[in-house]
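Residue numbering for the sequence shown is 9 to 167, as defined by our numbering.
A virtual CB, placed ideally from N, CA and C, is assigned to each residue, including glycine.
Read the structure below first, then the notes.
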Amino acid sequence: MPNSFRYFLLSGVVTKCDGITLCCIEYSASLELCKDTGIAGMRLSDLDPLIPLSTLKEELLKLPRGYSFYEQEVVEFLSKRRWPDSDRRIDRTTFWRWRNDNEIDHQKVFSRLDILKLCQICDHYRVDGTRKEYLDIVKKEKKEYLDIVPNTKQVVMNR
């Protein structure tokens, strides 16, 4: 599938646009395949907001590469995940801070990886974690990753 295809989620309908073809899919389940083009689509609202991250990752991996979700749907899903028993909504300041803490670019659409990162920080706050604790975790993970990567580069450079 060419990388130039873009996938958009518009109020329960997935649209694939390659400049010429549009394919719309109505949803009856959380994941459905378009018979004409073979495009898979999913709405976050079809998922249980408290879905474990490992299961969410499996569901997101079923989607085509380059699939993205609009900000509004992401905020609604995260709000339900953060406060499952309430109609509270994550405000824009919090959402922007979560994006910045995860080094997610300022954009209106979010990738599958962005969704996982945002759910991870959302889960951290749901169990009364603090921002400092979360940033320490991210910093530690990044340090561990950087400790591994330079060794790999040295091996490649020595060849």
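Asked: Work out the CA separation of Ile-112 and Asp-122 for me, nearest whole Å.; Found: 7 angstroms
Asked: Give every residue of the same chain whose Cβ lies closer than 7 angstroms to the Cβ of Ile-156, excluding the five residues on either side of it in the sequence, and list them in chain order.; Found: none
Asked: Need the endpoints of the alpha helix (DSSP H) that Glu-67 sits in, please.; Found: 61-69
Asked: Sort Leu-58, Asp-54, Met-50 and Leu-52 by Cα distance to Val-135 and report the nearest one.; Found: Leu-58
Asked: Name, in chain order, the residues that DSSP records as bridge partners for Val-117.; Found: Tyr-78
Asked: Taking Cβ to Cβ, would you say Trp-106 is nearer than 7 angstroms to Leu-126?; Found: yes
Asked: Name the residue from Val-146, Glu-152, Phe-85 and Tyr-153 whose alpha carbon lies nearest to the alpha carbon of Ile-98.; Found: Phe-85
Asked: How is the alpha helix (DSSP H) around Asp-56 delimited, first residue to last?; Found: Where Asp-56 is concerned, there is no enclosing alpha helix (DSSP H), given that its DSSP letter is neither H nor E.
Asked: Drop a sphere of 10 angstroms on the beta-carbon of Lys-70, count the other beta-carbons inside from all chains shown, and report buried for 16 or more, exposed for fewer.; Found: exposed
Asked: Around the Cβ of Lys-171, are there at least 16 other Cβ atoms within 10 angstroms (buried) or fewer (exposed)?; Found: Lying before the first or after the last residue shown, residue 171 is absent from the chain, which here runs from 9 to 167.
Asked: Under the rule that 16 or more other beta-carbon atoms within 10 Å means buried, what is Arg-51, buried or exposed?; Found: buried
Asked: Taking buried to mean at least 16 other C-beta atoms within 10 Å of its own C-beta, is Tyr-153 buried or exposed?; Found: exposed
Asked: Does Glu-198 pass the burial test, meaning 16 or more other C-beta atoms within 10 Å, or should it be called exposed?; Found: Nothing about residue 198 can be reported from this structure: the residues present for the chain run from 9 to 167 only.
Asked: Could you check whether Ser-76 and Ser-119 sit closer than 7 angstroms to each other, using their CB atoms as the reference points?; Found: yes
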